[in-house]
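In our numbering, the protein residues as written are -10 to 224.
Ideal Cβ positions, reconstructed from N, Cα and C, are used throughout, including at glycine.
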């Protein structure tokens, strides 16, 4: 019995490209499809999580939202990796600055994703799993960024299950060299590892929790184009 369509994706198996860009925001996915892709076609819109496939510089590329948080990212990345034969998922999202040298609008490549989530418990491993990105994708993204005149920060990020965290742990993560905080990468990296596929999280810093500086929702949706172009270049 086929797993397609899934409970969350109604696309046909061939509707997705080998590489899918995944912003959290469905409106950012729509913006990318309309701004950067040629002949883009909507292939999914279950629960408003729209997915599009088109071409970028002759390459077939898909973009679909992941929603917010690791449970949502886990659903969509699992289905794409395991049922739609997607080989690469590149998260392109916003993140909060944690590292002292990380500023609003900087680009961060998440080499690894620390987390407070119990997402890895499902694998019943005899220890703690360290979620990491695909080195090949990191290398390509760094090269693409530098070709654009951008020097990205590369290192650990922190994937949190809680946006409003009563324990206020970010100072402790800063002391451990973590660069940024977001809410999806750890689950994406675990799904990629379990599926034998590739993943990378490219983030634009949208706010600084330490200073209160931040971007508006509209700015997050339409002006974080550098990370979009980096992801498209390596798709």
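Which of the three DSSP states is assigned to residue i in this structure?
i           : result
residue 178 : helix
residue 28  : strand
residue 35  : helix
residue 21  : helix
Which residues does DSSP pair with residue i in a beta bridge?
i           : result
residue 171 : 148
residue 48  : 45
residue 14  : Looking at the DSSP assignment, residue 14 forms no beta bridge with any residue, so it has no partner.
residue 143 : 98
Shortest alpha-carbon distance to residue i belongs to which of the options?
i           : options           : result
residue 181 : 107, 114, 9, 70   : 70
residue 117 : 4, 188, 108       : 108
residue 4   : 120, 110, 20, 40  : 40
residue 57  : 48, 74, 81, 75    : 81
residue 14  : 208, 218, 199, 91 : 208
residue 145 : -8, 105, 165      : 165
Rounded to the nearest angstrom, what separates residue i and residue j at their Cα positions?
i           : j           : result
residue 186 : residue 6   : 14 Å
residue 67  : residue 203 : 32 Å
residue 27  : residue 114 : 43 Å
residue 220 : residue 65  : 18 Å
residue 33  : residue -4  : 12 Å
residue 19  : residue 44  : 14 Å
residue 87  : residue 60  : 23 Å
residue -2  : residue 93  : 34 Å
residue 192 : residue 51  : 18 Å
residue 128 : residue 216 : 15 Å
Less than 8 Å between the CB atoms is what I'm expecting for residue i and residue j, so what's the real figure, rounded?
i           : j           : result
residue 102 : residue 170 : Their Cβ separation, rounded to whole angstroms, is 10 Å, which puts residue 102 and residue 170 out of contact at 8 Å.
residue 141 : residue 96  : 4 Å
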